[in-house]
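Q:
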Amino acid sequence: MLKKRGGNNLVIGGNNSDYYLNSVFVFSSDISTVTLSSAMYLFLIAFQCISMSIHCIYYLIGLNKLMMSITTKMLQKKFFWDLIWQISVPLGAVVLPMSYCFYSIWTEYYNQFFNNIAISLITLHGFWSTLVLMYLNPRYREYFLVVCFFKKVSPNIAGASFSMNPFSISRVV
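Residues are numbered in the numbering used here as their position in the sequence shown, beginning at 1, plus a constant of 586.
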């Protein structure tokens, strides 16, 4: 129910009038403790993404020196590309929007449209990670589709598990 309140202001019934009169929080124009801690978090995520990528690439280059089956090598490479995709989610969903936020604060450039997009991307980080995980892992994807369409869970989906023994890989000297 809309109520007319002095002049052309309309107030939606049920809310306190202070709700409409108080100022709205936007990014601070000065660099504060919150900004510095967010920057440290940003660099930590970027460092983790880069170090994980370097470690995986180094390991995959060493695969040619290992005596293992072609199937195992193909599984390792598939796992590597899956990790690349999963690492790119925090990079795209957290690091890039936070970089824009820091740019916005540093240059004192304010654009509510871009700020809303940046914050929305950051808050959807878990959603994007879940979508990528379901896309990359067929077992998650199959189980999700079974649950969504209320079908009976087949035993090969529900009870399957994998284990990889690191001692089954031998290095050629």
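Note that beta-carbon positions come from the ideal geometry of N, C-alpha and C, so glycine has one too.
Tell me which residue opens and which closes the alpha helix (DSSP H) that Leu710 is part of.
A: Walking along the sequence shown from the start, residue 710 turns up at place 124. Where Leu710 is concerned, there is no enclosing alpha helix (DSSP H), given that its DSSP letter is neither H nor E.
Q: Could I get the ranges of all uninterrupted alpha helix (DSSP H) runs contained in the region 658-699, with 4 residues as the minimum, in chain order?
A: Taking only runs of at least 4 residues, the alpha helix (DSSP H) segments lying wholly in the region 658-699 are 682-693.
Q: Tell me whether Phe629 sits in a helix, a strand or coil according to DSSP, three-state version.
A: The residue labelled residue 629 in the question sits at position 43 within the sequence shown. Phe629 falls in the helix class under three-state DSSP.
Q: By Cβ distance, which residues of its chain are closer than 6 Å to Pro676, with the 5 residues on each side in sequence left out?
A: Residue 676 sits at position 90 when you count from the first residue of the sequence shown. So the qualifying residues of the chain are Ile631.
Q: Output needed for Met684: all residues of its chain with C-beta closer than 6 Å, excluding positions within five of it in sequence on either side, in chain order.
A: Position 98 of the sequence shown, counted from the first residue, corresponds to residue 684. Only Leu628 meet the Cβ criterion.
Q: Quick one: Cα of Ala639 to Cα of Ser706, how far?
A: Working through the sequence shown from its first residue, we reach residue 639 at position 53. Working through the sequence shown from its first residue, we reach residue 706 at position 120. One detail in the question is off: residue 639 reads as Ser in this sequence, not Ala. Looking at the two C-alpha atoms, the distance is approximately 26 Å.
Q: Quick one: residues in its chain with C-beta nearer than 6 Å to the C-beta of Arg727, no 5 flanking neighbours on either side, listed in chain order?
A: Locating residue 727 in the sequence shown gives position 141, counting from the first residue. Here the set comprises Met720.
Q: Give me the Cα-Cα distance between Phe633 and Leu710, rounded to the nearest whole angstrom.
A: The sequence position of residue 633 within the sequence shown is 47, counting from 1. The sequence position of residue 710 within the sequence shown is 124, counting from 1. Their backbone Cα atoms lie some 21 Å apart in a straight line.
Q: How long is the line joining the alpha carbons of Ser623 and Met654, rounded to whole angstroms?
A: Taking the first residue of the sequence shown as 1, we reach residue 623 at position 37. Taking the first residue of the sequence shown as 1, we reach residue 654 at position 68. Each residue's Cα considered, the two are about 45 Å apart.
Q: Assuming Thr621 and Ile691 form a contact by the criterion Cβ under 8 Å, report the distance between their Cβ atoms to the nearest whole angstrom.
A: For the purposes of this step, residue 621 is taken as residue 35 along the sequence shown, with counting starting at 1. For the purposes of this step, residue 691 is taken as residue 105 along the sequence shown, with counting starting at 1. About 6 Å separates the two Cβ atoms, so the contact holds.
Q: Could you give the first and the last residue of the continuous alpha helix (DSSP H) run that contains Tyr730?
A: Taking the sequence shown and counting its residues from 1, one reaches residue 730 at position 144. With the sequence shown as reference, residue 730 is identified as Phe, and Tyr is not the correct amino acid for it. Looking at the DSSP string, the run of the alpha helix (DSSP H) that includes Phe730 is Pro724 to Cys734.
Q: Taking Thr716 as the reference, which of Thr693, Ser674, Ile703 and Phe688 has the closest Cα?
A: Residue 716 sits at position 130 when you count from the first residue of the sequence shown. The shortest Cα separation from Thr716 among Thr693, Ser674, Ile703 and Phe688 belongs to Ser674.
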